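Notes to accompany the following structure.
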Amino acid sequence: MYDLIKEAIVDDDAAIELSKMDKNVVEVVDAISELSLEDTMKLGMKFKRFPLGCDLTEAVVGTCASDLELMELLGNCRLSDMLGLPIHICAYAFADIAEKHGMRGIEVMRKVYDSVDVPLDLDHFGENGPMRLPQNIVGCGGECYNKGPVYTECPRDRIHERLIDKEKAESSDKEEWVKLSSSVAINLTSEQTGEGHAAPYREAEDIANLAKKYQRGLEAIMFIGDGYDDLITGF
2 MYDLIKEAIV DDDAAIELSK MDKNVVEVVD AISELSLEDT MKLGMKFKRF
52 PLGCDLTEAV VGTCASDLEL MELLGNCRLS DMLGLPIHIC AYAFADIAEK
102 HGMRGIEVMR KVYDSVDVPL DLDHFGENGP MRLPQNIVGC GGECYNKGPV
152 YTECPRDRIH ERLIDKEKAE SSDKEEWVKL SSSVAINLTS EQTGEGHAAP
202 YREAEDIANL AKKYQRGLEA IMFIGDGYDD LITGF
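Position one of the sequence shown corresponds to residue 2 (the working numbering), numbered consecutively onward.
Here it is in structure tokens:
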């Protein structure tokens with residue numbers, strides 16, 4: 002494994018082979034741990050050329066802002082489309098914007114889908130469809146990330162405060178959101194000692210199965226954590 006990873010740093014064919022093959026997670030983490038910092042960075046840059054997910058390839062075009070006007074959201078998405086960048090779909094923001102205009106969240110999703118050609122990556126999506134969150138969470142500036150060190154739970158004890166009744170009111174649209182998406186993100190940090198940072202694992206499993214049903218890409222949100230056990234657990 003180490004030799005193949007070392008070769009993948011400089012050889013596209015080896016990188017493609019590595020991305021397609023069945024891998025033992027522990028072997029991969031151990032092998033990368035043996036690389037120098039310089040080679041590790043080169044390996045990362047190599048795989049940035051592959052479609053690996055939202056943080057590497059897409060634009061967050063203001064879609065995480067629930068206070069955007071609908072026309073602002075659509076304009077941002079069209080700009081991203083003109084640049085050829087995939088779009089990060091923040092499901093709770095879409096639902097919040099829709100609510101302000103007397104619409105269902107899926108109606109906003111359809112408008113974006115019909116307006117652009119680039120892939121749409123769906124995030125903040127749970128067992129009822131778009132997660133719905135109160136204003137104090139939507140407007141959170143990320144105290145836990147900004148101050149550090151890594152928290153094992155939300156320092157404000159509010160991460161699981163969700164508006165379940167609102168979620169269930171539009172749960173019948175759940176599968177259509179996935180059909181209109183190119184990929185769906187799931188959060189696995191609840192299994193990495195981050196219970197306070199994410200929805201329960203069962204929701205990630207539910208959405209993963211739905212993505213598989215419609216043959217959509219699947220992205221994982223994970224902590225690096227201690228760089229070994231936490232990382233391996235996530236994978």
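Each residue gets a CB set at the ideal place from its N, CA and C atoms; glycine is no exception. These numbers were taken from a predicted model, which means no experiment stands behind them.
Roughly how many whole angstroms lie between the Cα atoms of residue i and residue j?
| i | j | result |
| --- | --- | --- |
| K47 | E18 | 13 angstroms |
| P120 | R79 | 12 angstroms |
| Q216 | D4 | 32 angstroms |
| E59 | H89 | Residue confidence for E59 is low, a pLDDT of 47 falling below 50, so the modelled location carries little weight; the figure read from the coordinates is stated next. In a straight line, the C-alpha of E59 is about 7 angstroms away from that of H89. |
| D122 | W178 | 10 angstroms |
| D68 | K169 | 22 angstroms |
| D12 | E204 | 38 angstroms |
| S116 | L86 | 14 angstroms |
| K175 | S37 | 45 angstroms |
| P131 | L44 | 35 angstroms |
| N25 | L74 | 42 angstroms |
| I6 | G195 | 30 angstroms |
| V29 | E108 | 42 angstroms |
| E70 | Y202 | 33 angstroms |
Using the rule of at least 16 other Cβ atoms within 10 Å of the residue's Cβ for burial, across every protein chain shown, is residue i buried or exposed?
| i | result |
| --- | --- |
| D230 | exposed |
| I225 | exposed |
| P135 | exposed |
| S20 | exposed |
| F95 | buried |
| I208 | buried |
| S81 | buried |
| L53 | Note that L53 scores 42 on pLDDT, short of 50, meaning its location in the model is unreliable and no value can be drawn from it. |
| L57 | In this prediction, L57 has a pLDDT of 38, which is less than 50 and means its spatial position is unreliable; what the coordinates show is noted afterwards. Its Cβ having fewer than 16 others within 10 Å, L57 is exposed. |
| K101 | exposed |
| E171 | buried |
| S184 | buried |
Looking at the unbroken beta strand (DSSP E) that takes in residue i, where does it start and where does it end?
| i | result |
| --- | --- |
| S116 | Per DSSP, S116 belongs to no beta strand (DSSP E); it is in the alpha helix (DSSP H), 106-116. |
| P188 | As written in the sequence, residue 188 is Asn, which differs from the Pro given in the question. Residues 184-188. |
| L121 | 121-124 |
| I88 | 88-91 |
Could you pull the DSSP bridge partners for residue i from this structure?
| i | result |
| --- | --- |
| A221 | I187 |
| P131 | F126 |
Between the Cα of residue i and those of the options, spot the shortest distance and give me the residue it belongs to.
| i | options | result |
| --- | --- | --- |
| D124 | D118, M110, V117 | M110 |
| M42 | R203, S81, A9 | A9 |
| M72 | S172, A209, K112, D174 | K112 |
| I138 | E176, K214, K49, A199 | A199 |
| S1 | L75, N129, G228, L219 | Nothing in the structure corresponds to residue 1, since the chain is present only between 2 and 236. |
| R163 | K49, F126, G45 | F126 |
| D166 | N210, A15, E128, E196 | E128 |
| N210 | S34, Y93, G228, I187 | I187 |
| G76 | G103, M104, E39, Y114 | Y114 |
| A66 | A32, I98, E39 | I98 |
| T234 | V27, D118, M2 | V27 |
| L232 | E206, K214, T190 | T190 |
| K49 | A16, I33, G228, C91 | A16 |
| A221 | D31, D118, E192, G106 | E192 |
I need the boundaries of the alpha helix (DSSP H) containing residue i, first residue and last residue.
| i | result |
| --- | --- |
| S20 | 13-21 |
| A205 | 202-214 |
| Y24 | Correcting the residue identity first, residue 24 is Lys in this sequence and not Tyr. Run containing K24: none; DSSP gives neither H nor E here. |
| R79 | 71-84 |
| Q136 | 136-139 |
| G195 | First-last for G195: undefined, no H or E at that position. |
| G228 | Segment: none, G228 is in no alpha helix (DSSP H) and carries neither H nor E. |
For chain D, is any of its Cβ atoms less than 7 angstroms away from the one on residue i?
| i | result |
| --- | --- |
| V119 | In the structure shown, chain D cannot be found, because there is only a single protein chain. |
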